[in-house]
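Colleague:
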Amino acid sequence: MATQAQIEELFEKMAEERTALLAALEDIDEEQAEVQPPEGEGEEGWSVKEQLTHLAGMDRSYRQWVIRALAEDRPDTSDGNTPNVPLDVPQEEAHSADIPTLVAQMNAERAETLELARGIDAEQYER
């Protein structure tokens, strides 16, 4: 079973990584944030803005998986039955939004994820 210390360590790591990401974004302007590396394929070819929408979407997807894991015994989250609720600014429209909008979306999704995660007791982390 996960210990409370391990759970707190997880939250600290998540906060540290998000702080580092936000600090890195301070030096990126709107034009730079739309550059798609020509040599990149898949995720490596995404722009900063596309990455921000991806992170927001992953938080949303993660919450849906957790909700299923808490409600069902051994759910198969790859079965296509986990809801995929679209973001306000989906990845396909990432370049139509500015960085502050995408950061706000990403932060709002993370806040909901943290709220859900903080409501899970140590025993439930094993599911």
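Per numbering that gives the first Met the number 0, the sequence shown runs over residues 0 to 126. C-beta atoms are modelled at their ideal positions from N, C-alpha and C, and glycine is treated no differently. Just so you know, these numbers come straight off a predicted model, no measurement behind them.
1) Tell me where the alpha helix (DSSP H) around Y61 begins and ends.
2) Would E122 and M0 qualify as a contact pair, given that the criterion is a beta-carbon distance under 8 Å?
3) Is the stretch 84-98 touching the stretch 21-37 in the sense that three or more CB pairs, one from each, lie closer than 8 Å?
4) Compute the beta-carbon to beta-carbon distance between V65 and L115, rounded to the nearest angstrom, for a pair I have assumed lies under 8 Å.
5) Roughly how many angstroms lie between the CA atoms of E43 and P37, to the nearest whole one?
6) Out of A4, I6 and R117, which one is the CA nearest neighbour of R62?
7) Taking just the CA atoms, how far does L86 sit from A103?
8) Got a sec? Which residues, its chain only, sit under 6 Å from P82 by beta carbon, not counting five neighbours each side?
Modeller: Looking at the coordinates:
1) Residues V47 to A70.
2) yes
3) yes
4) 6 Å
5) Between E43 and P37, the C-alpha separation is close to 9 Å.
6) R117
7) 12 Å
8) Q63
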